[in-house]
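**Student:** These protein sequences, in sequence, are chains A and B. Each residue of the first sequence is one higher than the one before, starting from 1 at the first, in the working numbering. Each residue of the second sequence is one higher than the one before, starting from 482 at the first, in the working numbering. By construction, the Cβ of each residue, glycine as well, lies at the ideal position given by its N, Cα and C atoms.
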Amino acid sequence: MGTATATASAARFRALLDSERVMEHPLERAIYARDGSITEGKCGLVVLPQTREEVSACVRVAAELGLAIVPRGSGTGLAGGAVPFDDAVVVSLARMNRILDIDPDVPCAWVEPGVLNLDISTAVADLDLHYAPDPSSQAACSIGGNVATNSGGPHCLAYGVTAQHIMGLEMVTADGSVLELGGPAPDPPGFDLRGLSVGGEGTLGLVTKVCVRLTRNPPAVRTMLLDFDSVAEGAATVGAIVAAGVVPAAMEMMDQKMNIAVEAFVGAGLPVDAATVLLVEVDGTPAQIAAEAELVQRVGREHGAREVRVAADETERQLLWKARKSAFGAVARVAPNYYLHDCVVPRTHLVDVLEEIGAIAERHDLVIMNVFHAGDGNLHPLIAFDRRDSDQVDRVYEAGREIIAACMAVGGVLSGEHGIGVEKRDFMPLQFGEIDLAAQADARCAFDPDGLMNPLKVLPAGSRCGELTVAPDSLPPGTWL
Amino acid sequence: MSEAPRDRTELAAQLAQASADGLPVSPRGGGTHSRVGHPEGRPRSSISTTQLDALIDYTPQDLTITVEAGMSVDRLGEIADQHGQFWPQVGAGAEATVGGVLASATSGLSRLRFGPVRDSLLQVVVATGDGRLITAGGRTVKGVSGYDLPRLMTGSFGSLGVIVEVTLKLWPRLPARRWFARSGADALDVGLALLSELYRPGAVIVSGDTTHVELVGQPEDVVAPAGFTPSEAPPPPIGTGVVRVGVTPARVRELLHALGGLGVPMSTQLGVGTCLVAVESTEQIAEVRAHAQRIGGHAVVDDAPDELRIDPWGPPPAGLEIMRRLKAAFDPAGVLNPGLMPGGI
Numbered sequence: 001m002g003t004a005t006a007t008a009s010a011a012r013f014r015a016l017l018d019s020e021r022v023m024e025h026p027l028e029r030a031i032y033a034r035d036g037s038i039t040e041g042k043c044g045l046v047v048l049p050q051t052r053e054e055v056s057a058c059v060r061v062a063a064e065l066g067l068a069i070v071p072r073g074s075g076t077g078l079a080g081g082a083v084p085f086d087d088a089v090v091v092s093l094a095r096m097n098r099i100l101d102i103d104p105d106v107p108c109a110w111v112e113p114g115v116l117n118l119d120i121s122t123a124v125a126d127l128d129l130h131y132a133p134d135p136s137s138q139a140a141c142s143i144g145g146n147v148a149t150n151s152g153g154p155h156c157l158a159y160g161v162t163a164q165h166i167m168g169l170e171m172v173t174a175d176g177s178v179l180e181l182g183g184p185a186p187d188p189p190g191f192d193l194r195g196l197s198v199g200g201e202g203t204l205g206l207v208t209k210v211c212v213r214l215t216r217n218p219p220a221v222r223t224m225l226l227d228f229d230s231v232a233e234g235a236a237t238v239g240a241i242v243a244a245g246v247v248p249a250a251m252e253m254m255d256q257k258m259n260i261a262v263e264a265f266v267g268a269g270l271p272v273d274a275a276t277v278l279l280v281e282v283d284g285t286p287a288q289i290a291a292e293a294e295l296v297q298r299v300g301r302e303h304g305a306r307e308v309r310v311a312a313d314e315t316e317r318q319l320l321w322k323a324r325k326s327a328f329g330a331v332a333r334v335a336p337n338y339y340l341h342d343c344v345v346p347r348t349h350l351v352d353v354l355e356e357i358g359a360i361a362e363r364h365d366l367v368i369m370n371v372f373h374a375g376d377g378n379l380h381p382l383i384a385f386d387r388r389d390s391d392q393v394d395r396v397y398e399a400g401r402e403i404i405a406a407c408m409a410v411g412g413v414l415s416g417e418h419g420i421g422v423e424k425r426d427f428m429p430l431q432f433g434e435i436d437l438a439a440q441a442d443a444r445c446a447f448d449p450d451g452l453m454n455p456l457k458v459l460p461a462g463s464r465c466g467e468l469t470v471a472p473d474s475l476p477p478g479t480w481l
Numbered sequence: 482m483s484e485a486p487r488d489r490t491e492l493a494a495q496l497a498q499a500s501a502d503g504l505p506v507s508p509r510g511g512g513t514h515s516r517v518g519h520p521e522g523r524p525r526s527s528i529s530t531t532q533l534d535a536l537i538d539y540t541p542q543d544l545t546i547t548v549e550a551g552m553s554v555d556r557l558g559e560i561a562d563q564h565g566q567f568w569p570q571v572g573a574g575a576e577a578t579v580g581g582v583l584a585s586a587t588s589g590l591s592r593l594r595f596g597p598v599r600d601s602l603l604q605v606v607v608a609t610g611d612g613r614l615i616t617a618g619g620r621t622v623k624g625v626s627g628y629d630l631p632r633l634m635t636g637s638f639g640s641l642g643v644i645v646e647v648t649l650k651l652w653p654r655l656p657a658r659r660w661f662a663r664s665g666a667d668a669l670d671v672g673l674a675l676l677s678e679l680y681r682p683g684a685v686i687v688s689g690d691t692t693h694v695e696l697v698g699q700p701e702d703v704v705a706p707a708g709f710t711p712s713e714a715p716p717p718p719i720g721t722g723v724v725r726v727g728v729t730p731a732r733v734r735e736l737l738h739a740l741g742g743l744g745v746p747m748s749t750q751l752g753v754g755t756c757l758v759a760v761e762s763t764e765q766i767a768e769v770r771a772h773a774q775r776i777g778g779h780a781v782v783d784d785a786p787d788e789l790r791i792d793p794w795g796p797p798p799a800g801l802e803i804m805r806r807l808k809a810a811f812d813p814a815g816v817l818n819p820g821l822m823p824g825g826i
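#1: When the Cα of A/S92 is compared with those of A/G176, A/G183 and A/G202, which residue comes out closest?
#2: Taking the C-alpha atoms as reference points, what is the distance between B/A535 and B/V548?
#3: Around the C-beta of B/V704, are 16 or more other C-beta atoms found within 10 angstroms, so that it is buried, or is it exposed?
#4: In this structure, does DSSP put A/D342 in helix, strand or coil?
#5: Just the chain B side, please: which residues come within less than 8 Å of A/P188 by C-beta, in chain order?
#6: What are the residues in the segment 25 to 39 of chain A lying within 9 Å of chain B by C-beta distance?
#7: Can you list the residues of chain B that A/M428 reaches, using a CB-CB cut of under 8 Å?
#8: Quick check on B/D600 - is its C-beta less than 9 Å from some C-beta in chain A?
#9: Using a Cβ distance threshold of 8 Å, determine whether the segment 33 to 51 of chain A contacts the segment 412 to 423 of chain A, with at least three qualifying pairs required.
#10: Give the residues of chain A in contact with B/G544, contact being defined as C-beta atoms less than 7 Å apart.
#11: Determine the extent of the beta strand (DSSP E) in which A/K209 is found, giving its start and end residues.
#12: Expressed to the nearest angstrom, what Euclidean distance is found between the alpha-carbon atoms of A/A311 and A/D386?
#13: Would you call A/E467 buried or exposed, if buried means 16 or more other Cβ atoms sit within 10 Å of its Cβ?
#14: Please classify A/T348: does DSSP put it in a helix, a strand, or coil?
#15: Say whether chain A places a C-beta atom closer than 9 Å to the C-beta of B/S588.
#16: Based on DSSP bridge pairs, tell me the residues matched to B/G618.
#17: Give the residues from the segment 405 to 424 of chain A that approach chain B closer than 7 Å (Cβ to any Cβ), ordered along the chain.
#18: Go through its chain and collect everything with a Cβ distance to A/R216's Cβ below 7 Å, but skip five positions before and after it.
#19: Do you know whose CA, among B/T616, B/G596, B/S677 and B/G642, lies nearest B/A810's CA?
#20: Which residues in the same chain as A/P472 place their Cβ atom closer than 7 Å to its Cβ, once the five residues preceding and following it in sequence are excluded?
#21: Nearest-angstrom Cα distance between A/G183 and A/V344?
#22: Whose C-alpha, out of B/Y539, B/E701, B/Q495 and B/C756, is nearest the C-alpha of A/Q348?
#23: On a CA-only basis, which of A/P286, A/A287 and A/H303 is nearest A/L278? Give me that one, please.
#24: Taking A/M369 as the reference, which of A/I241, A/L27, A/S74 and A/M254 has the closest Cα?
#25: Who are A/C534's beta bridge partners in DSSP?
#26: Taking a cut of 9 Å between CB atoms, which residues from the segment 694 to 710 of chain B lie near chain A?
#27: Which residues share a DSSP beta bridge with A/F228?
#28: Where DSSP assigns a beta bridge to B/L536, which residues make up the other side?
#29: Can you tell me whether A/K325 is helix, strand or coil according to DSSP?
#30: Quick one: what's B/M747 bridged to in DSSP?
#31: Strictly below 9 Å CB to CB, what residues from chain A border B/V753?
#32: For A/V296 versus A/L226, is the C-beta spacing smaller than 9 Å?
#33: Could you check where the alpha helix (DSSP H) with A/G421 kicks off and where it finishes?
#34: Go through its chain and collect everything with a Cβ distance to A/A62's Cβ below 6 Å, but skip five positions before and after it.
#35: Taking 9 Å as the threshold (beta carbon to beta carbon), is B/P508 in contact with chain D?
#36: Looking at the unbroken beta strand (DSSP E) that takes in A/F385, where does it start and where does it end?
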């Protein structure tokens with residue numbers, strides 16, 4: 001390994017890529033020092049390869065010079081997974097954005113990692129197909145980033161998260177070699193490296209091609225908005241619907257603070273006087289949606305729903321979904337910044353955890369808004385704040401800790417769909433023991449023995465395998481949290 | 482020597498001892514997949530999970546269940562059924578254990594609708610070769626905290642560790658579910674037509690000259706397609722050995738056309754791309770594999786006596802070096818089914 005800095009090594013990368021695809025100007029580096037999270041790092045150089053061969057060549061040069069690499073898709077990640085530290089090289093895959101092949105007979109599509117999530121569904125709409133995982137950021141986030149974080153979305157309740165929709169991957173590993181893992185042929189022999197790689201947050205390799213499973217559009221769909229006078233009634237409805245044997249396509253909840261912000265932003269006619277609203281979608285055959293919609297409405301009324309609004313047509317349905325998916329953007333009306341957690345709790349503990357989050361907000365004098373995937377217990381408590389107020393920032397961080405502790409106490413997990421990145425890595429010991437984390441470090445080292453792929457992410461300091469020497473007790477100086 | 486430890490601590494201790502002594506050992510559930518992989522990779526000494534069969538936790542409203550790995554798949558099915566729920570792998574055979582089904586990645590016949598078995602594994606507790614008890618994943622229906630070791634363990638055939646406890650995602654029982662069948666020379670065409678007409682059937686399987694279809698959902702949706710009559714689930718093809726072929730679902734027609742000349746029993750899951758082929762000789766295995774590879778697929782021996790398992794996996798898969806490092810990390814002394822997996826891992 002060399003001791004060169006990334007910035008001083010720009011010429012080595014210019015020998016591989018056009019000079020406009022190697023960026024070293026301080027302003028450009030500053031842009032790539034952040035992602036969708038609130039963490040800010042330090043970027044040494046940005047490279048934008050356009051082919052697998054260029055990715056491989058960049059990785060080889062970085063390995064030769066001993067430079068750390070941080071893969072980046074659209075940079076919408078919420079856990080700091082794409083934030084570089086210590087002047088690392090950011091490898092943006094945004095320019096690898098071609099849909100390579102669509103095979104309706106599987107059905108699947110091979111796409112490059114920079115293709116945007118929603119663009120896949122748009123490209124196959126005329127085949128009556130779509131790509132099922134639908135994060136709120138689907139118009140902006142890339143499929144490569146989705147693979148890295150194993151993203152979810154409202155419709156993952158019935159259809160499953162990203163891992164269930166990735167049939168194959170092509171990946172450049174830390175030594176620059178190219179691996180093709182899986183594809184549309186099921187169950188290839190050997191250990192499931194494809195399954196292990198999804199959710200690897202860019203620490204196992206750089207994905208250069210993805211085979212996504214496509215899903216048939218349901219013949220019928222019905223979307224309903226139920227509103228309640230208490231969060232407890234809404235949460236009880238969620239549990240009762242599942243207990244009655246219906247797993248809706250999606251089941252989303254927004255509390256009153258969020259409703260007010262979203263309604264002012266989108267104007268979808270949300271009942272802003274309700275304590276909480278539940279957006280439920282059922283899909284399938286006409287017989288199925290008729291039976292399930294009837295059950296959802298009945299269970300809702302039994303649990304205190306004040307009103308059930310059924311979307312009359314596709315326009316109204318789209319409007320309701322626009323309201324749900326605009327939630328994070330709408331927070332800007334409340335405060336300039338937000339800090340978000342992504343814990344999952346067993347559905348049976350939704351009510352007590354939400355009450356606890358309310359108490360935490362009060363204790364720290366903070367505004368916490370809730371918008372989340374109620375059907376699978378995946379919370380998104382969102383703390384609105386102003387980062388210029390350092391006292392408030394301290395309270396935000398402490399409240400975040402307490403929220404996580406409350407979720408863990410009822411058997412929850414740290415992240416449902418955003419990943420661990422850098423922002424949640426030091427919470428990992430709350431979910432896993434030392435021996436568990438060491439096994440995870442071993443799995444990572446099997447792919448990247450020298451620890452150059454997205455270092456400092458996912459695992460807390462101290463849990464790395466023996467071959468790695470990087471073990472700072474805290475984040476690098478200058479890290480803003 | 483055959484051990485049947487009473488609990489996971491004892492099991493882990495026995496593995497630690499085996500590692501210390503350098504004595505290879507073969508983890509065993511119900512024994513339904515004991516004729517897989519390189520024969521020399523199956524040590525005579527076994528360590529059985531059958532005494533680890535407790536129900537640890539079940540909250541029906543959460544659709545998750547946590548059980549010890551030695552519980553039989555049928556028993557799990559009975560427990561879930563009492564609450565109107567099911568695990569789609571039920572039907573794996575009377576002997577099959579939950580841990581064995583996961584270790585061998587044996588997906589159920591209704592995979593087309595409910596997905597492969599690996600998608601239902603939420604959390605796993607594994608005893609490594611050197612006796613560490615590792616927990617990975619989480620007990621909630623959704624979670625991405627840390628690396629997906631549950632998927633790594635699924636299909637690892639006990640060569641990375643012994644699965645001792647799992648948390649599984651269950652499904653609510655659907656109002657109606659039934660198999661139908663129709664026989665005729667055009668079985669494949671009929672199956673492919675059904676696959677494109679029906680919305681999310683449980684399965685469409687072509688077995689010999691019979692098309693089998695499983696319908697699930699509302700009673701109105703579970704009615705016999707034209708020409709079909711109610712039937713049982715298709716039986717697996719029977720021969721001296723069975724090969725499992727995986728090809729892209731788009732090229733199943735080519736596969737069946739090529740394999741037709743062999744004149745052996747087979748059963749193909751349309752829309753999935755899995756084809757089970759009954760075989761009698763290593764020559765037949767090689768022929769099946771050649772046809773699969775020509776269209777981008779693979780063929781592995783799923784169940785056969787030692788003499789038919791000379792080349793059970795075919796060409797080494799991509800990432801063999803990474804697989805070797807994983808094996809070294811989870812089974813440092815190399816005592817768990819050493820050499821069973823592709824590449825002699």
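**Tutor:** Inspection of the coordinates gives the following:
#1: A/G202
#2: Rounded to the nearest whole angstrom, the CA to CA distance from B/A535 to B/V548 is 6 Å.
#3: exposed
#4: In the three-state DSSP reduction, A/D342 falls in the strand class (E or B).
#5: Within chain B, the residues near A/P188 are G727, H779 and P798.
#6: none
#7: One finds S626 and G627 in chain B with Cβ atoms closer than 8 Å to the Cβ of A/M428, taken in chain order.
#8: Closer than 9 Å to the CB of B/D600 there is at least one CB belonging to chain A.
#9: yes
#10: Looking at the sequence provided, one finds Leu at residue 544 of chain B rather than Gly. Near B/L544 (Cβ distances below 7 Å), the residues of chain A are V242.
#11: L206 to R213
#12: 37 Å
#13: A caution first: A/E467 carries a pLDDT of 38, below 50, which makes its placement in the model unreliable, though a value can still be read off. Classification of A/E467: exposed, given that the 10 Å Cβ count is below 16.
#14: helix
#15: yes
#16: B/Q604
#17: G411, G412, V413, L414, S415, G416, E417, G419 and I420
#18: D128 and L129
#19: B/G642
#20: Caution is warranted here: a pLDDT of 38 is assigned to A/P472, below 50, making its placement in the model unreliable, and no coordinate value can be reported.
#21: 30 Å
#22: The amino acid at residue 348 of chain A is misidentified as Gln; the sequence shows Thr. Cα-wise, what sits closest to A/T348 is B/Y539.
#23: A/H303
#24: A/M254
#25: Any question about residue 534 of chain A goes unanswered here, given that chain A covers just 1 to 481.
#26: G698, Q699, P700, E701 and D702
#27: Here A/F228 is bridged, per DSSP, to A/T276.
#28: B/V548
#29: helix
#30: B/V758
#31: Listed along the chain, the chain A residues whose CB falls inside 9 Å of the CB of B/V753 are P186.
#32: yes
#33: No alpha helix (DSSP H) holds A/G421; DSSP gives it neither H nor E.
#34: The residues are I69 and V89.
#35: Of the protein chains in this structure, namely A and B, none is chain D.
#36: P381 to F385
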